[in-house]
Amino acid sequence: MTTLLFVLGSIAAIVSALSVVTRRNPVHSALSLIVCLLSVALLFLLLGAQFVAAIQVIVYAGAIVVLFLFVVMLLNVKDESAVFHSGIAQKLAALALVFVILVQVVLVAVAGATWLGKEQWLAATGLSFGTVQSVGRELFARYLFQFEVVSVLLLVAIVGAVTLVKKKQ
Amino acid sequence: MNEYALGQGLWEMGFAAAVPFTLVALSAMAVLLADLWLLPSQKRALPWAALAGVLLSAASVAFLWNEEATGFGGAIRLDRFSAFFAMVFLLGTGLVVLLSSAYARREGVERGEYYALLLFGTSGAMLMASAVELVTFFLGLEILSVSLYVLSGFFRQRPASAEAAAKYFILGAFASAFLLYGIALFYGASGSTTYAALRESFGSAAFPYSHGLLALAASGLLLIGLAFKLGAVPFHMWVPDTYEGAPTTITAYMSVVSKAAAAAAFIRVFGASLSSLQQDTSAVLWVLAVVTMTLGNVVAIAQTNIKRMLAYSSIAHAGYLLVALTAAGEAGYSSVLFYVLAYVFMTLGAFGVVSLVRKGEGGADAGAEALDISHYSGLAGRHGLLAAAMAVFMVSLSGIPPTAGFFAKFYVFSAAVRAGEVGLAIIGVLNSLVSVYFYMRIVFLMYMKEETVPVRGSRSRAGWVALAACVLGTLLLGVLPSSFARLATESIASIF
Amino acid sequence: MLLAYLPILIWILLCAGLALAIVFLSHVLGRKRPTGAKLSPYECGITPVGDARSRFPIKFYIIAVVFLVFDIEAAFLYPWAVIYKKLALVGLLEMAVFMAVLLVGYLYLWKKRVFDWED
């Protein structure tokens with residue numbers, strides 16, 4: 000059952016990710032991105048990371064894609080294919096980069112698995128690893144300073160957005 | 000005692016380590032809020048409020064100078080190294096605030112956000128230098144970066160400024176992604192994000208090969224993120240356009256504070272924690288150093304805009320910093336600290352002069368910034384003091400004694416020789432020779448040529464105080480380098 | 000362990016089923032007497048002519064960014080809320096500091112009249 004869901008989720012993620020970069024219409028790209036993010040959320044769920052899965056849906060598939068769509072509407076480019084023109088060299092470079100990253104991901108997975116050993120992985124990814132409670136325990140005990148610093152970063156983001164966009168009174 | 004660390008006093012948790020950061024962040028918020036209730040005529044108080052925040056934090060650093068503390072379960076550390084860099088950042092910020100007090104008003108950007116974001120950026124830089132944990136370091140980097148993205152686009156009506164912000168933001172977000180990927184790999188490899196855990200996992204040579212591969216991949220990604228902040232070739236694409244388009248005072252701040260912060264984080268991660276990988280990182284850094292120095296110096300020759308020229312000059316100086324980082328060891332790293340301090344005075348001074356010089360009467364755009372190198376022709380005749388100050392900074396940047404720049408390069412290159420990198424030191428010296436050409440061209444124009452376009456210097460008292468401080472610092476470090484060098488060595492010793 | 004998510008799956012299926020059923024049933028059971036006005040999309044008085052992608056004012060964008068920031072703030076509240084009792088006073092103080100910093104941002108937005116739609 001888990002394997003079946005994993006395969007389905009991964010296929011959906013890959014197909015929708017490809018659709019994000021191949022659509023000419025950026026609105027279609029953004030909608031494909033939602034599908035992609037939801038499939039990845041499913042994969043997180045399969046790994047037992049329920050909190051990350053929920054955040055993926057709430058913050059990414061919800062708020063961030065909405066922001067993307069706003070930007071698309073804001074710029075209001077009538078014919079995007081004229082703007083997003085890329086030559087064959089760029090496409091080849093992108094393919095090469097994707098290949099490098101793919102190789103790296105596989106290497107990392109293999110290296111990590113052989114070094115840590117299966118037992119340790121299972122221990123680390125046990126049932127309680129990704130629950131909201133365990134995330135909270137880490138966040139508010141071990142990472143409490145970092146948690147407070149996040150508020151400063153968010154404040155800077157608010158100030159920055161308003162400074163760049165809001166008209167002078 | 001339960002696992003939530005109940006009942007522990009804040010001080011026992013090592014709050015001391017976060018005091019300087021907290022004070023800067025709080026003053027940023029105070030400036031931000033104060034601005035909301037200030038009348039337009041009271042906006043002149045903003046730079047002084049920001050300066051008070053800087054001084055307050057500097058006082059706390061001075062007070063804690065001999066303390067050592069690790070805060071919040073190994074997130075942030077106060078030691079001589081953090082204190083040294085905190086002082087460098089606060090010094091740089093203080094001088095930029097002074098320079099801004101006239102510049103921002105003249106350019107019509109005297110707003111609370113300007114000073115608040117400067118202080119926020121400084122708090123981020125301080126986090127980067129004092130973090131001993133990867134997530135804390137990343138948050139510091141993001142606070143600094145987001146502040147800088149906004150500040151470089153602060154002239155919203157000017158396309159050049161918007162371009163500066165957009166380029167910096169898009170490439171910066173990309174670099175952050177690389178960095179974050181590296182952090183994730185480190186976490187995967189060692190099961191923790193603290194530098195102490197990194198040292199434990201990779202400190203001995205006994206870790207298995209696959210594990211080493213993981214560490215190398217992670218180091219490479221982290222290196223890309225830091226090289227971007229440092230403005231090293233080939234991650235320098237944003238530097239010329241962003242430096243040119245951003246407000247001049249912000250350009251000065253960017254080149255000093257964010258470079259120093261990247262160097263500090265580099266030393267903490269690669270120097271103090273991952274020293275077992277040093278052979279591999281040094282090989283990469285060697286190449287980066289050579290191409291960065293060479294490209295920066297050679298392309299600077301062809302520039303006609305003074306901000307662009309200084310941008311390429313700052314790329315070249317990132318190359319010298321990379322030479323010191325390649326040399327590694329206590330000598331190499333302490334030369335980085337000395338270099339950073341010298342760099343604050345000479346670079347801020349040079350950009351400071353640029354921010355004070357304007358086109359004079361007669362032209363259609365009188366009062367606009369005089370940014371073309373030809374505008375500096377004959378500056379000595381009209382503004383002797385400004386020209387003299389600029390000459391001091393140019394001499395120092397090209398590394399001629401008796402200035403800070405000479406000893407900064409001297410320590411860097413001798414550290415490289417001591418580490419056996421003779422070839423690298425020779426390339427560095429040759430590069431310095433090339434750089435003499437374009438720095439001295441400014442001096443030549445100012446003193447030997449007739450005025451072509453009438454320019455006038457600002458009479459801002461705060462600006463002049465900042466310039467005087469820069470001249471004084473540049474000369475002081477050039478005449479009495481040994482006590483500052485000792486300070487740098489002590490600071491480095493506190494993290495090894 | 001996936002079995003734990005079964006109630007959520009059932010709930011999702013119920014929601015989807017209900018939505019589909021409503022559309023389907025109204026299609027089957029409703030009487031159809033089409034007129035020109037009824038067939039036009041959004042019969043609300045505005046002529047539906049022109050490009051669907053009209054240009055948005057930037058005001059929407061800033062609302063979206065501010066929403067994003069406070070959305071992330073809310074995301075931090077979930078893990079705090081589920082172990083709030085265990086965290087006790089320390090947890091309350093931690094969240095108070097976090098909220099205080101964001102309150103500064105809220106005040107800033109308020110005074111900058113970001114929440115005022117009319118300029």
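Residue numbers (numbering that gives the first Met the number 0), protein chains in the order written: chain A, 0 to 168; chain B, 0 to 495; chain C, 0 to 118.
A virtual CB, placed ideally from N, CA and C, is assigned to each residue, including glycine.
Treat the numbers as computed from the prediction; the structure is a model and nothing was measured.
- Taking C-beta separations shorter than 6 Å and ignoring five residues to either side along the sequence, the partners of Y194 (chain B) in its chain run V131 and S272, following chain order.
- DSSP, read as helix, strand or coil, puts D78 (chain B) in coil.
- DSSP assignment within the stretch 393-474 of chain B yields the following whole alpha helix (DSSP H) runs of 4 residues or more, N-terminal first: 403-417 and 421-447.
- Judged by DSSP in its simplified three-state form, N296 (chain B) adopts helix.
- Residue pairing by DSSP places N65 (chain B) in no beta bridge whatsoever.
- Per DSSP, K166 (chain A) lies in no alpha helix (DSSP H) and is assigned neither H nor E.
- With fewer than three CB-CB distances shorter than 8 Å, the stretch 220-233 of chain B does not count as touching the stretch 64-72 of chain B.
- Around the CB of D78 (chain B), 16 or more other CB atoms lie within 10 Å, so the residue is classed as buried.
- For K110 (chain C), the enclosing alpha helix (DSSP H) has its first and last residue at Y83 to K110.
- Annotation: the continuous beta strand (DSSP E) that includes R357 (chain B) extends over V356 to K358.
- Rounded to the nearest angstrom, the gap between the Cα atoms of E449 (chain B) and L101 (chain C) is 56 Å.
- Residues of chain B with a Cβ closer than 8 Å to the Cβ of V68 (chain C) do not exist; the shortest Cβ-Cβ separation is about 12 Å.
- Between the beta-carbon of G91 (chain B) and that of V343 (chain B) there is about 5 Å, and that keeps the pair under the 8 Å contact cut.
- Taking the C-beta atoms as reference points, G135 (chain A) is found nearer than 8 Å to I82 (chain C).
- With a threshold of 16 other beta carbon atoms within 10 Å, W10 (chain C) falls short and is exposed.
- Check the Cα spacing between I142 (chain B) and each of A:E147, A:Y142 and A:L143: the tightest is with A:E147.
- By the Cβ test, the stretch 18-25 of chain B is in contact with the stretch 51-61 of chain B, since at least three Cβ pairs between them sit closer than 8 Å.
- Look at E66 (chain B): its C-beta is not under 8 Å from any C-beta on chain A.
- For R155 (chain B), the nearest CB of chain A lies under 8 Å from its own CB, placing it at the interface with that chain.
- Against chain B, the beta carbon of Q145 (chain A) has neighbours under 7 Å at A74, V134, T135 and L138, listed in chain order.
- For Y186 (chain B), the enclosing alpha helix (DSSP H) begins and ends at P158 to S189.
- Under a criterion of Cβ atoms nearer than 9 Å, no residue of chain B is adjacent to K31 (chain C); the nearest Cβ is some 52 Å distant.
- Taking 8 Å as the upper bound for CB-CB distance, F88 (chain B) and V256 (chain B) are in contact here, some 5 Å apart.
- Contact between the stretch 447-461 of chain B and the stretch 406-419 of chain B is absent: fewer than three C-beta pairs spanning the two stretches fall below 8 Å.
- In the three-state scheme derived from DSSP, where H, G and I count as helix and E and B as strand, T346 (chain B) is classed as helix.
- Using a Cβ distance threshold of 8 Å, R307 (chain B) and Y242 (chain B) count as a contacting pair.
- At least 8 Å separates the beta-carbon of A163 (chain B) from that of G295 (chain B).
- For A87 (chain C), not one C-beta of chain A is nearer than 8 Å to its own C-beta.
- Leaving aside the five residues that flank S395 (chain B) on each side, the residues in its chain whose CB is nearer than 6 Å to its CB run, in chain order, M345, T402, A403, G404 and T473.
- One alpha carbon belongs to C35 (chain A), the other to S493 (chain B), and they sit about 48 Å apart.
- In this structure the stretch 113-121 of chain B lies against the stretch 249-266 of chain B, because at least three pairs of beta carbons, one per stretch, are closer than 8 Å.
- Residue burial annotation: A487 (chain B) is buried, with at least 16 other C-beta atoms found within 10 angstroms of its C-beta.
- Comparing alpha-carbon positions, the option among B:Y167, B:A159, B:K166 and B:G152 lying closest to V161 (chain A) turns out to be B:G152.
- The alpha-carbon separation between V164 (chain A) and A44 (chain B) amounts to approximately 25 Å.
- Residue environment for F201 (chain B): buried (at least 16 other C-beta atoms within 10 angstroms of its C-beta).
- Under a criterion of Cβ atoms nearer than 8 Å, the residues of chain C adjacent to Q132 (chain A) are, in order, P78, V81 and I82.
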